[in-house]
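In terms of the UniProt record's numbering, the sequence shown is residues 1 to 42.
All residues carry an ideal CB built from backbone N, CA and C; glycine is no exception.
One structure is given below, encoded as structure tokens.
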Amino acid sequence: MAESFFKSLKSEMIYQYDFKIREVTKQATFEYIEICRAAGAV
1 MAESFFKSLK SEMIYQYDFK IREVTKQATF EYIEICRAAG AV
């Protein structure tokens, strides 16, 4: 389960954007997790 979540996280968000600031990356990751959690995927 965790492996597929992190695969989705990487392919849907991390690899699509060029994050230059760590704080922006952390915030975007948090928002992605919250969206997935709200949808029941996590």
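{"query": "Collapsed DSSP secondary structure at Lys10 in the structure displayed", "result": "helix"}
{"query": "Between the CA atoms of Phe30 and Arg37 - distance to the nearest angstrom", "result": "10 Å"}
{"query": "Selection from Glu12, Ser4, Arg22 that minimises the alpha carbon distance to Tyr32", "result": "Glu12"}
{"query": "Rounded separation between Glu3 and Lys10 - CA only", "result": "11 Å"}
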